[in-house]
Each structure stands twice: as structure tokens, then as C-alpha cells.
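Structure record follows, encoded as C-alpha cells.
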Amino acid sequence: QPTVSNALNRLRQQLGDELFLRTSKGMEPTAYAMQLAEPIAYALASIEATLNERTRFEPLQTRRKFIIAMTDIGEIYFLPTLMKMLADLAPEITISTLRTTGVNLAEDMERGAIDLAIGWLPHLKTGFFQQRLFVHDHVCMFRRDHPLDNGEPLTTGAFATADHVVVAAAGTGHATVDATIEKLGIRRRVILSVPHFVAVGHILASTDLIATVPERFAQRCEQPFNLKYVSLPMKLPEIGINLFWHSRFHKEPGSKWLRSMIFNQFTS
Numbered sequence: 010q011p012t013v014s015n016a017l018n019r020l021r022q023q024l025g026d027e028l029f030l031r032t033s034k035g036m037e038p039t040a041y042a043m044q045l046a047e048p049i050a051y052a053l054a055s056i057e058a059t060l061n062e063r064t065r066f067e068p069l070q071t072r073r074k075f076i077i078a079m080t081d082i083g084e085i086y087f088l089p090t091l092m093k094m095l096a097d098l099a100p101e102i103t104i105s106t107l108r109t110t111g112v113n114l115a116e117d118m119e120r121g122a123i124d125l126a127i128g129w130l131p132h133l134k135t136g137f138f139q140q141r142l143f144v145h146d147h148v149c150m151f152r153r154d155h156p157l158d159n160g161e162p163l164t165t166g167a168f169a170t171a172d173h174v175v176v177a178a179a180g181t182g183h184a185t186v187d188a189t190i191e192k193l194g195i196r197r198r199v200i201l202s203v204p205h206f207v208a209v210g211h212i213l214a215s216t217d218l219i220a221t222v223p224e225r226f227a228q229r230c231e232q233p234f235n236l237k238y239v240s241l242p243m244k245l246p247e248i249g250i251n252l253f254w255h256s257r258f259h260k261e262p263g264s265k266w267l268r269s270m271i272f273n274q275f276t277s
């Protein structure tokens, strides 16, 4: 009782109202207390719901929105499968993607504005957890019936003399691929340079250009654009693709559920 009385007295002083008055029927709330009751009850219910969500995550019922940072390669490779899985397992969950280079990624993940990041992101270190999903190998891709589509292994000479489209995309690790090709002394005929991968399938489908691309990207583009990919005549560095999250989300049930689903589906 003394603890409750002291707390009530502090509230009376802070709010400038008696809040509760003694009547013939016992203690009754003042008009101001009645006015406060509804918004306070709503706030308490919201807090309770948030705490319950933290301790219990039910995919079929949750309406949560997740924000994931990834490259355009990531969108092309991950999203078709991920969205199909969510439609079956968690139909009310929504996903929003951001470019890993279009935001202050580390800062936004630290303050909770971004839930997950997927890609080659070596700068995410202190305060972050990560899981390896797979390693990107690279292949050479071109349209079917291209002059190089002759059933023979691709040679360094044929690769060098063909017309190339290259992708200068920050945050993908692709710059290390281009640098390695140059260090090997291979001088490509670069006819077109674009800042992202999303246009590459369209370009290759209607030209004689070839492109050096991650194999998983090639797998997604092969059928829709009637393309073909073959092994490269040189060894290129492998690019590790990881799933990242900030420590603030490490034990959060919703994040754990989504991370587990992504890891189980895409790891190799």
C-alpha cells in the first residue's frame, strides 16, 4: 500500500490532478483520469503485444515487415524463391529491399532500420553476425546460337576477342574479377559497360556480346532469356556471399526464423 500511495502522489504532482477521489462508493477516478485511461490502456496493450511477439513468433499470423539489403544480383537470385516460400509459410509477411550501396548500411543496421543484409560485405564486422551461404563462381554467358555456342571449350583467345558487356557494380565483388582478368594479361574488347546486372540478360539475348557473371545469376537468366553459360578459360577469385545481421536482432524470434529459412534454403 505505501508503495502504491507514493506512486500515486508522484503522479498527482506531475499531472496536477487528484486522479482518484474518495467517495461514498469508494475511490473513483476523476474526469482527467478517465480521459487518460483509454490511451494508456492502448499503450499498455501495444507494449504487451510487442513483448509477446518477442517471445513467440508465429509465421502464419504475423504481419511483420522485414527490410533486407542486397544487390540486384541478390534480388534476381534470392527473391523468386524467398517470396514463394513466404507465400506458403508466412503469407502476411512483407519484404522490402534496399541496395547495399545506397544506404549507410552499418549505421542503418545498428539502429534497427534494416533487418538483414545479403552479399559480399567485408566492412560489416564489429557488432555484426554472419553466416556463409555460398561462394560465387563465375562463368561466361551469351545467347544461344552465338558464334561461341559451338560445343567446344571456351579458349582464352576466343574469350578475349569477343565483344564484352561488363558490369561496374559497387558492392558485388565484381571489381576483383575484372582486376584479375587484367592481371592475367587478358585484354577484352569491352563494347558496353553498365552499372548493374539487371539489364545484362536483355542485352545478351539480342546481341553477340558476352558477359562474365556469377554462376547463380546465370542460372536464373538462362531460360527466361534463352541464354547459355560455359566455364571460363581462366581461374577467377571466388566471392563469398554471406547473410548478415546486427547483434540487436541476434535473439529476436522473427529475425531468427527468417535467417534460419534463408540459410536452410540457400546454403551450399
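Residue numbers (our numbering): 10 to 277. Each residue gets a CB set at the ideal place from its N, CA and C atoms; glycine is no exception.
DSSP places S215 outside both helix and strand once states are collapsed to three, so it counts as coil. Under the three-state reduction of DSSP output, F66 falls in the coil class, being neither helix nor strand.
Ranked by Cα distance from L201, the options A220, A214, L20 are led by A220. In this structure, the alpha-carbon of A52 lies about 15 Å from that of M43. Taken through DSSP and simplified to helix, strand or coil, P131 comes out as coil. A distance below 8 Å separates the beta carbons of L142 and I250.
For A167, the CB contacts under 7 Å within the same chain, skipping 5 residues up- and downstream, are L157 in chain order. Note: D172 is bridge-paired with R198 in the DSSP secondary-structure output.
Burial is judged here by how many other beta carbons sit within 10 angstroms of a residue's own beta carbon; I102 has at least 16 and is buried. Membership of E37 in the beta strand (DSSP E) is indicated by the continuous run 35–38. Shown here for L95: same chain residues with a beta carbon closer than 6 Å to its own, the five before and five after excluded, namely I102 in chain order. Around R31, the same chain offers no residue with a beta carbon nearer than 6 Å, after the five sequence neighbours per side are excluded. In the pairwise beta carbon analysis, the segment 146–156 is classified as touching the segment 237–257: at least three pairs are separated by under 8 Å. The shortest CA-to-CA distance from R108 to any of L130, A99, L20 is the one to L130. Taken through DSSP and simplified to helix, strand or coil, N251 comes out as strand. In the pairwise beta carbon analysis, the segment 167–176 is classified as touching the segment 199–219: at least three pairs are separated by under 8 Å.
Rounded to whole angstroms, the Cβ separation of D172 and R198 is 5 Å, and the two are in contact under 8 Å.
Inter-residue distance for T110 and E161 is about 39 Å (C-alpha atoms, whole angstroms). For R229, the CB contacts under 6 Å within the same chain, skipping 5 residues up- and downstream, are I85, Y86 in chain order. Per DSSP, F75 is not a residue of any alpha helix (DSSP H); the beta strand (DSSP E) it occupies stretches across 74–78.
Counted as a single uninterrupted DSSP element, the alpha helix (DSSP H) harbouring I82 occupies residues 81–98.
For P11, the enclosing alpha helix (DSSP H) has its first and last residue at 11–24.
A residue is called buried when at least 16 other Cβ atoms come within 10 angstroms of its Cβ; I123 meets this threshold and is buried. For V186, the closest alpha carbon among the candidates L241, A214, H255 is that of L241. The Cβ atoms of L213 and F226 do not sit closer than 8 Å to each other.
If you look at Q139, you'll find it in the beta strand (DSSP E) that goes 137–145. Taking each of F253, R257, S277 in turn and checking the Cα distance to R268, the smallest one comes out for F253. Secondary structure at A208: coil, using DSSP grouped into helix, strand and coil.
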